[in-house]
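A.B. asks: Structure provided below as structure tokens; questions to follow.
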Amino acid sequence: MDDYELETKFWGEPPVAAAARKRKKRRTALQLSVLMILLFVSLGFLGYQLADRWLTEGLSIEQPSINENEVPAPANPGKLSLLLLGVDKRGNEASRADTIMVAFIDAEQGLVNILSIPRDTYIEVPGYGHTKINHAHAYGGPELVAETVSEFLGVPVNKYVEVDFEGFKDLIDILGGVRINVEKRMYYSPEGINLQPGEQVLDGEKALQYVRYRGREGDIGRIERQQKFLKTVAEQAVNFGTVFKLPSLINEIRESTSTNLTIREMLALAKVAKGINVSEMETAMVPGTPVYIDGISYWEPDEKETFELVDKFLARNDI
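Counting in this note's numbering, the sequence shown tops out at residue 832, every number present.
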């Protein structure tokens with residue numbers, strides 16, 4: 514059976530026809546996990562090291578013209594629940610958050626736990642009733658998403674970082690690619706996904722294919738793949754060679770992200786990132802079950818298990 518027949522069997526119709534019907538629903542979003550780990554682990558760790566090198570070794574790298582008297586001292590964020598959003602801003606349509614995560618950060622312990630929320634999660638959006646959580650962004654931007662997530666999880670989530678997927682490929686290319694084991698053949702021609710199994714270095718284009726692929730597991734399998742990619746990037750990005758790519762990385766992130774974090778909070782998080790042990794980072798997804806309501810697919814969260822999971826993450830940060 515060739516790839517065309519495989520796709521026809523899987524989708525129940527020829528792949529091109531299936532794509533025409535599903536393309537809008539399956540529109541790609543940036544996998545925020547990747548950029549956030551680059552930002553808070555790679556860039557934070559390396560930026561902090563770079564500052565040390567400037568002070569102790571006089572490392573010859575172009576420095577930004579900043580009056581140090583104008584830079585506030587880092588704040589101590591203590592414990593922070595940070596909303597991470599990956600948003601597709603293409604075209605004239607209202608943007609929707611297609612990747613939604615909450616990072617539970619403990620500054621003192623140097624711990625980060627990340628909870629993924631499926632974009633189809635059926636949830637109460639304040640002022641709009643029950644709908645998919647990713648609609649909240651179209652209704653009220655990242656602020657409404659933060660309010661929705663806060664009420665859903667029962668913890669304050671006031672700060673956010675939002676990333677547009679357009680800079681994803683360039684960012685991975687700047688890093689020199691990511692070595693990862695592609696666990697199986699991944700092929701979906703309408704979206705240009707064509708990866709062979711096995712360990713390999715993925716450039717920006719192929720990395721995007723990897724984190725986009727859904728296959729038979731759907732969005733849930735994709736989230737698991739994103740979390741695997743998250744840890745892999747974090748482990749590989751923290752190396753001496755990346756120091757020299759820092760200016761390009763910072764420029765790319767600046768163009769692709771927006772946040773309501775203050776400068777003091779960003780400086781503090783960068784310092785926290787220096788002590789993060791990637792191997793101790795835990796990732797999870799909001800538990801639930803797939804359901805259909807009025808012919809529309811949703812992810813119905815198990816609130817009891819979700820609260821237990823959040824309590825576990827918060828308790829772990831209290832250790």
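From the three backbone atoms N, C-alpha and C, an ideal C-beta is built for every residue, glycine too.
#1: Using only the alpha-carbon positions, how far apart do E793 and P703 sit?
#2: Would you list the one or two residues that DSSP bridges to Y700?
#3: Excluding the 5 residues preceding and the 5 following V804 in the sequence, name in chain order all residues of the same chain whose CB lies nearer than 6 Å to its CB.
#4: Tell me whether the beta-carbon of H650 lies closer than 8 Å to the beta-carbon of R692.
#5: Thinking just about the alpha-carbon of each residue, which of I733, R698, K697 is nearest to the one in S629?
#6: Can you check whether the CB of V670 is closer than 8 Å to the CB of V662?
#7: DSSP state of M614, grouped into three classes?
#8: Within a Cβ cutoff of 6 Å, which residues of the same chain sit near I550, ignoring the five residues on either side of it in sequence?
#9: Tell me which residues share the same chain as P631 and place their Cβ nearer than 6 Å to its Cβ, disregarding the 5 neighbours each side in the sequence.
#10: For the putative contact between E765 and G680, defined by C-beta atoms under 8 Å, what is the C-beta separation to the nearest angstrom?
#11: Per DSSP, what kind of secondary structure is D683 in: helix, strand or coil?
#12: Check each candidate in F820, L782, T796 and name the one with the smallest Cα separation from E621.
#13: Take I687 and list the residues in its own chain whose beta-carbon comes closer than 8 Å to its own, dropping the five residues that flank it on each side.
#14: If distances are taken between C-alpha atoms only, which option among K592, K741, V658 comes closest to I618?
#15: Specify, as a first and last residue, the run of the alpha helix (DSSP H) that G654 falls within.
#16: Under the rule that 16 or more other beta-carbon atoms within 10 Å means buried, what is G640, buried or exposed?
#17: Going by CA-CA distance only, name the one from I646, E696, K682, G623 that's closest to T634.
#18: Residues bridged to G485 by DSSP?
#19: With DSSP run on the structure shown, which of helix, strand or coil describes Q713?
#20: Excluding the five sequence neighbours on either side, which residues of its own chain have a C-beta within less than 6 Å of the C-beta of P710, listed in chain order?
#21: Let's test the definition: count the other Cβ atoms within 10 Å of the Cβ of K817 and tell me whether it reaches 16, buried, or not, exposed.
#22: In three-state DSSP terms, what is D807?
#23: Looking at the unbroken beta strand (DSSP E) that takes in R692, where does it start and where does it end?
#24: Looking only at its own chain, which residues have a Cβ that is under 6 Å from the Cβ of T796, when we skip the five neighbours before and after it?
#25: Which one or two residues does DSSP pair with M779 in a beta bridge?
#26: Write down the C-beta distance between I706 and Q722 rounded to the nearest angstrom, noting that I regard them as a contact closer than 8 Å.
#27: What is the DSSP secondary structure of L774, counted as helix, strand or coil?
#28: In chain order, what residues of the same chain lie with their CB nearer than 6 Å to the CB of R727, ignoring the 5 residues before and after it?
#29: S594 and V625 look like a contact to me (Cβ under 8 Å); what is the Cβ gap, rounded to whole Å?
#30: For L545, which of helix, strand or coil comes out of DSSP?
C.D. replies: Checking against the coordinates, here is how it stands:
#1: 38 Å
#2: N707
#3: Y811, E813
#4: no
#5: I733
#6: yes
#7: strand
#8: Note that I550 scores a pLDDT of 45, beneath 50, so its modelled location is shaky; the value from the coordinates is reported in the next line. The answer, listed in chain order, is L743, V746, A747.
#9: D732, W812
#10: 5 Å
#11: helix
#12: L782
#13: K758, S761, L762, E765
#14: K592
#15: 648 to 666
#16: exposed
#17: I646
#18: Any property of residue 485 remains undetermined from this structure, which presents the chain solely from 514 to 832.
#19: strand
#20: V695, K697, R698
#21: exposed
#22: coil
#23: 691 to 695
#24: I627, Q740
#25: None, per the DSSP bridge assignment.
#26: 4 Å
#27: coil
#28: R735
#29: Between V625 and S594 the Cβ distance is about 11 Å, and since that is not below 8 Å, they are no contact.
#30: For L545, the predicted model reports a pLDDT of 38, less than 50, meaning its position is unreliable and no value from the coordinates is stated.
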